[in-house]
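Everything below concerns the one structure shown next.
In the working numbering, the protein residues as written are 482 to 589.
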């Protein structure tokens with residue numbers, strides 16, 4: 482879900498904060514279960530949990546920022562094909578081809 486929110490809802494910051502807050506629960510339980518014998522206060526566990534959730538959310542942000550999704554590659558290929566076809570069409574069919582290219586651009 483966090484990958485989808487970073488890829489499809491890039492401008493919605495609230496969803497990313499919500500995913501970060503949801504991640505804090507399992508991370509807190511993980512720290513609490515595997516490190517119960519150390520003399521660490523509960524506040525330290527909360528702080529470590531919060532920082533870990535921020536690191537995970539930031540890592541997912543960096544992964545999705547530089548990832549070229551297959552949908553974008555297909556749309557880019559379709560647009561390149563439409564440009565090539567527009568160059569090689571006859572003059573009387575150019576207007577019809579232009580409407581096809583506009584439809585492709587509108588779908589993007």
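Virtual Cβ for every residue (Gly too), placed ideally from N, Cα, C.
C-beta atoms of residue 538 and residue 497 nearer than 8 Å: Cβ atoms of residue 538 and residue 497: closer than 8 Å.
Check whether residue 534 and residue 495 have beta carbons under 8 Å apart: Taking 8 Å as the cut-off, the beta carbon of residue 534 is found no closer than this to the beta carbon of residue 495.
Residue range of the alpha helix (DSSP H) that includes residue 526: Per DSSP, residue 526 is one residue of the alpha helix (DSSP H) stretching across 523 to 546.
The region 560 to 567 contacting the region 575 to 582, beta-carbon criterion three pairs below 8 Å: Because the criterion of three Cβ pairs below 8 Å is met, the region 560 to 567 and the region 575 to 582 touch.
Boundaries (first-last residue) of the alpha helix (DSSP H) holding residue 492: If you look at residue 492, you'll find it isn't in any alpha helix (DSSP H); DSSP assigns it neither H nor E.
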